[in-house]
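>
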Amino acid sequence: MKAIVNVFLKAGVLDSQGKAVHHALHSLKFDNVEDVRVGKQIILKLNETDKEKAMADVTKMCEELLANTVIEDYNIELV
Amino acid sequence: MKISILQFPGTNCEYDTQYAFKKLGAETEIIWHKSTTIPSDTNLLVVAGGFSYGDYLRSGAIAKFSPIMSAVKKYADKGGKVLGICNGFQVLTEVGLLPGALKRNEGLHFISKHHHLTVQNNDNTFLENLNVGDVVNLPIAHHDGNYYINEEGLAELRENGQILLTYTDTNGEPKNPNGSVASIAGVCNKEKNIFGLMPHPERAMESLLGSDDGIKMFQGFLAS
Chain A
10 MKAIVNVFLK AGVLDSQGKA VHHALHSLKF DNVEDVRVGK QIILKLNETD KEKAMADVTK
70 MCEELLANTV IEDYNIELV
Chain B
271 MKISILQFPG TNCEYDTQYA FKKLGAETEI IWHKSTTIPS DTNLLVVAGG FSYGDYLRSG
331 AIAKFSPIMS AVKKYADKGG KVLGICNGFQ VLTEVGLLPG ALKRNEGLHF ISKHHHLTVQ
391 NNDNTFLENL NVGDVVNLPI AHHDGNYYIN EEGLAELREN GQILLTYTDT NGEPKNPNGS
451 VASIAGVCNK EKNIFGLMPH PERAMESLLG SDDGIKMFQG FLAS
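Below is the structure:
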């Protein structure tokens, strides 16, 4: 199965890249854009059939490496 | 006096650091990250600046799993003195040896210039030769130097005198180049044996090259 991990800066931590993109979109006249958050997506191909085990493993991966939980939040989707 | 300097794939300040400590009369050794031990006669371990593993994922994130890092943690836990400069500071926060994290600069640009800094606390080995309020001039060269810590963390840093240096102008007034919380440029741990800063004191050893303010800072380590 695949695990899709999204990592974003925590709410309350200033996202300078999101702010710059937001500004650029306004310059392009997309005035209806209210907020932009830029994050990263990490796609893992897992040799694993047990969803629970996969979720536990990927959570551990996020805590130990994929996200820095001082400044970042993450979510995991298994497909 | 023996200074051990860590080298990861991408480190590029190890020879400047070596030059700086040699100039002050210390013995130095460069330690490749695949090593699993730190020389037993080490008086100070420096995690030098540059990059580590291309800084993929986040600056310092992959270096955390280098073979040498468990020895670094052990050395630090026993009270050994550790200094992280620039990428070294990023590595020490990623490992959890120092509080906070370093984000992309607020203006999103890589900044490379001399910047003034003001000493906030000097009851530590690193800055004991300087006075609180002293202004020093050091080069900064980073893309991810925007120090972040939450409010509770910041209060703790203040309470324990863990803020080493802040970005200021020549008069000591706050001047923030990268968006760091409270203009913080460097911190230490509560026990005051682990130090980290984004500016480069090892590049400020010759007045001919713009500043020799790094000398007084490094001398603190040599006296102890």
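Those protein sequences? They're chains A and B, same order as listed. Every number in this note's numbering is 9 more than the matching position in the first sequence, counting from 1. Every number in this note's numbering is 270 more than the matching position in the second sequence, counting from 1. All C-beta atoms in this analysis are idealised placements derived from N, C-alpha and C, irrespective of residue type, glycine included. Computed from a prediction, not measured in an experiment: that's the story for all the values here.
(1) Mapping the DSSP letters down to three states, classify E461(B) as helix, strand or coil.
(2) Can you give me the start and stop residues for the alpha helix (DSSP H) that Q26(A) sits inside?
(3) Let me check one thing: in DSSP terms, what residues is E86(A) bridge-paired to?
(4) Using only the alpha-carbon positions, how far apart do N12(A) and N416(B) sit?
(5) Kindly list the residues whose CB is nearer than 8 Å to the CB of H31(A), restricted to its own chain and excluding five residues on each side of it in sequence; keep chain order.
(6) Pick out whichever of G350(B), S310(B) and L315(B) has its Cα sitting closest to the Cα of Q288(B).
(7) What is the rounded straight-line gap between the Cα of L427(B) and the Cα of N407(B)?
(8) Answer yes or no: does any C-beta atom of chain A fall closer than 9 Å to that of N357(B)?
(9) Is it right to say N84(A) is buried, meaning 16 or more other beta carbons lie within 10 angstroms of its own, or is it exposed?
(10) Run the CB neighbour count on T58(A), radius 10 Å, all protein chains shown included, and call it buried at 16 or more, exposed below.
(11) Between which two residues does the beta strand (DSSP E) harbouring S382(B) extend?
(12) Quick one: what's got a C-beta closer than 6 Å to V67(A)'s C-beta in the same chain, skipping five residues either side?
(13) Taking only three categories from DSSP, how would you classify I52(A)?
(14) Going by DSSP in three states, Y437(B) sits in which element: helix, strand or coil?
(15) Please list, in chain order, all residues of the same chain as E472(B) whose beta carbon is under 7 Å from its beta carbon, the five residues on each side excluded.
(16) In the structure shown, what three-state DSSP assignment does L74(A) receive?
(17) Any Cβ of chain C within less than 9 Å of the Cβ of V79(A)?
(18) Between the alpha carbons of V457(B) and H384(B), how many angstroms are there, rounded?
(19) Short of 8 Å Cβ to Cβ, which residues in the region 10-25 of chain A face chain B?
Straight from the coordinates:
(1) Position 191 of the second sequence, counted from the start, is the residue given in the question as residue 461(B). Note: E461(B) maps to coil in three-state DSSP.
(2) The residue labelled residue 26(A) in the question sits at position 17 within the first sequence. Note, Q26(A): alpha helix (DSSP H), S25 to S36.
(3) Sequence index remark: in the first sequence, residue 86(A) carries index 77 (1-based). Partner(s): I13(A).
(4) In the first sequence, residue 12(A) corresponds to position 3, counting from 1. In the second sequence, residue 416(B) corresponds to position 146, counting from 1. Before going further, note that residue 12(A) is Ala rather than Asn in the sequence given. Approximately 30 Å, taken between the alpha carbons.
(5) Numbered from its first residue, the first sequence carries residue 31(A) at position 22. Excluding residues within five positions, the ones whose Cβ falls inside 8 Å are V42, D44 and V45.
(6) Reading the second sequence from its first residue, position 18 is the one you call residue 288(B). Comparing Cα-Cα distances from Q288(B) to each of G350(B), S310(B) and L315(B), the minimum goes to L315(B).
(7) To locate residue 427(B), count along the second sequence from 1; it is residue 157. To locate residue 407(B), count along the second sequence from 1; it is residue 137. Each residue's Cα considered, the two are about 23 Å apart.
(8) Within the second sequence, the letter at position 87 stands for residue 357(B). So, not an interface residue.
(9) Residue numbering aside, residue 84(A) sits at position 75 when the first sequence is read from its first letter. Label assigned to N84(A): exposed.
(10) The residue you call residue 58(A) lines up with position 49 of the first sequence. By the 10 Å Cβ count, T58(A) comes out exposed.
(11) Numbered from 1 along the second sequence, position 112 holds the residue referred to as residue 382(B). I381 to V389 is the extent of the beta strand (DSSP E) around S382(B).
(12) Your numbering for residue 67(A) matches position 58 in the first sequence. Excluding residues within five positions, the ones whose Cβ falls inside 6 Å are A12 and I85.
(13) For the purposes of this step, residue 52(A) is identified with residue 43 of the first sequence, where counting begins at 1. Three-state DSSP puts I52(A) in a strand.
(14) On the second sequence, position 167 is the one that residue 437(B) refers to. Three-state result, Y437(B): strand.
(15) Taking the second sequence and counting its residues from 1, the one referred to as residue 472(B) is at position 202. These residues qualify, in order along the chain: C283, D286, T287, A290, I355 and G484.
(16) Here residue 74(A) is taken as the residue at index 65 of the first sequence, counted from 1. In this structure, L74(A) counts as helix in the three-state DSSP scheme.
(17) Note that chain C does not occur in the displayed structure, where the protein chains are A and B.
(18) Mapped onto the second sequence, residue 457(B) falls at position 187. Mapped onto the second sequence, residue 384(B) falls at position 114. Within the model, the alpha-carbon separation for V457(B) versus H384(B) is close to 19 Å.
(19) L18, V22, L23 and S25
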